[in-house]
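Residue 37 in the working numbering sits at position 55 of the sequence shown, and the numbers go up by one each step. Ideal Cβ placement from N, Cα and C applies to all residues, glycine included. First up is the structure itself, then whatever we jot down about it.
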Amino acid sequence: MEELFPSLSIFVLFLSLGIAFVAGFVKGVVGFAQPLILISGLTLFLSPELALAGLIIPTLVTNAMQALRHGPRAAWVTVQQFRVFLIFGGVTLVIAAQMVRVVSEAVLLLAIGLPALAYAALQLGGVGFSLTRRSAAVEAVVGAIAGVFGGLSGVWGPPTVMYLTALGTPKADQLRVQGVIYGAGAVALFGAHLTSGVLRAETIPFSILLILPAVLGMWAGGKVVDRIDQVAFKRATLFVLLLAGANLIRRAVI
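If you want it as structure tokens, here you go:
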């Protein structure tokens, strides 16, 4: 293995595999947070560029699996149901990606992390907030916000999770919806970094290496989520959202 990755020690490689497994497991249980866990964990001992390259292909693969877990027909129904979210999110993601050098990353991370942390903490503390029905206007606004965050930072999970949780989306539907939404974003991220130079001959093998542990982790997490009820699923989702929000704030401050 060291022959394939001469710049990385065997310890670093196995540590990277372990982080990818944990990230996949969490995604298998709650449907999101894989990129956050990968980028947070890998940047402890790898360069930010290699860490970013490492998460791109596993994220693309696991999101495709998540979106297609109940078959292509169910995924297509989800695309139709959330087309407003996807359209507005896709448009703003493309526009916002052109402004990466203008907006401070720290400000952006705080703008995502603080509301996510506050929302999850209030929900876990028993302060309820819910949407009684879906609204095209609300969905357009949330989709646009998620797209802006995704285009500028690559993080579009928290706004999406907050919206789906507020709707009280059943766990199977929520996992599939997240897979479709994040999958569309992962395709855009993959294409963008093929041209940016982050994904290249030296970094693609490392990203491919992390596919298997991420998939195995997601499979293990899927076994867990099949055994828990809707209430436990919601609490697990909010807890991960709480940690994700705290981590975004940490990254902004540090």
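- Exposure of Arg217 is indicated by the presence of fewer than 16 other C-beta atoms within 10 angstroms of its C-beta.
- Contact check for Val143 against Ala78 fails: the beta carbons are separated by 7 Å or more.
- The way I'd put it, the region 54 to 72 does touch the region 156 to 169; three or more beta-carbon pairs between them come closer than 8 Å.
- Annotation for Ile190: Ile39 place their beta carbon closer than 7 Å to its own, counting only its chain and skipping 5 residues before and after.
- For the pair Val66 and Ala148, the CB atoms are not nearer than the 7 Å cut-off.
- Counting along the chain, the unbroken alpha helix (DSSP H) around Ala154 starts and ends at Lys153 to Ser178.
- The count of Cβ pairs closer than 8 Å, one atom from the region 210 to 227 and one from the region 25 to 36, stays below three, leaving the stretches out of contact.
- Our two residues, Ala102 and Ala214, have alpha carbons roughly 14 Å apart in a direct line.
- Taking C-beta separations shorter than 8 Å and ignoring five residues to either side along the sequence, the partners of Leu96 in its chain run Gly227 and Ile231, following chain order.
- Pro17 and Ser117 have their C-alpha atoms roughly 29 Å apart.
- For the pair of segments examined, the region 175 to 182 was found not to touch the region 68 to 77: the number of CB pairs separated by less than 8 Å stays below three.
- Ala128 and Gly204 have their C-alpha atoms some 25 Å from each other.
- Exposed is the label assigned to Ala88, since fewer than 16 other Cβ atoms lie within 10 Å of its Cβ.
- DSSP places Leu149 outside both helix and strand once states are collapsed to three, so it counts as coil.
- Going by DSSP, Ile210 is part of no alpha helix (DSSP H) at all; its letter is neither H nor E.
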